[in-house]
Structure formats: C-alpha cells, structure tokens
Amino acid sequence: MTAATVQAALQRCFQQAHPRSIFDGPKLTASSTFTLKIRADGSVESAQFSPPLPSIQGCAALVYGGRFQSGTSSYSLSIPVQLSQ
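Now the structure itself:
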C-alpha cells in the first residue's frame, strides 16, 4: 500500500457515506491527518485520525489488511486527508 492508495480509498468511502445532493448546495469537505504506525515488516500496528472522522473510520480499517514498505525498524506515516464531494 501507499499513501496515495489510502487517500483514494478514503475519498471513495467519504463519497459513499455522504452522497452529493441533486440540489445545488454547499460542498461537504473534511480535513484530517491519518497517522499510521508501521512495523518493520510493513504491517500496520495502529491507525488514528486527528481530528477524528467518524463517518469513514470503518473504511480506514482497510489498512490493517495491507502492507506498506518494510524497513529496518518501525516507523510512522502521516497521510494528509482532504476529502470533498
């Protein structure tokens, strides 16, 4: 997995959770930082939004089934999340 694949998945989830109205109205936007703690083998130890985004947190669980780049030790990955519909 990469930051870009996570961002794309979160955007799709956001659009499903908040479908755009057929009426012209204000756009819905959300901003957060999705911080992941990655083990040396590339698996995810923990994930957290700051501030929380309750409507898509369930979708974010996808990261637990994926693998990120492995390293010589654990590391953190902060993914900026800018969502809109």
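Residues 168 to 252 (our numbering) are what the sequence shown spells out, left to right. Just so it is clear, CB atoms sit at the ideal spot from N, CA and C, and this is done for glycine as well.
Exercise for the section: Find the nearest neighbour of Q236 within the set Q178, R206, P186, judged by alpha-carbon distance. Expected result: It is R206 whose Cα lies nearest to the Cα of Q236.
Handout entry: Reduced DSSP secondary structure (H/G/I, E/B, other) of T172
Key = Here T172 sits in helix by DSSP.
Problem - Inter-residue spacing [alpha-carbon to alpha-carbon] between S213 and L203 - result: Whole-angstrom Cα-Cα distance: 6 Å.
Practice task
Tell me, please, which residues DSSP counts as bridged to S132.
Solution key: Beyond the ends of the chain as shown, which are 168 and 252, falls residue 132; an answer cannot be given.
Handout entry: Spatially closest choice to S241 from V211, V173, P247, G232, by CA coordinates
Key = Looking at the Cα atoms, V211 is the closest of the given residues.
Exercise for the section: Could you work out which residue in R179, I246, Q252 is closest to P218 when comparing CA atoms only? Expected result: Nearest of R179, I246, Q252 to P218, Cα basis: I246.
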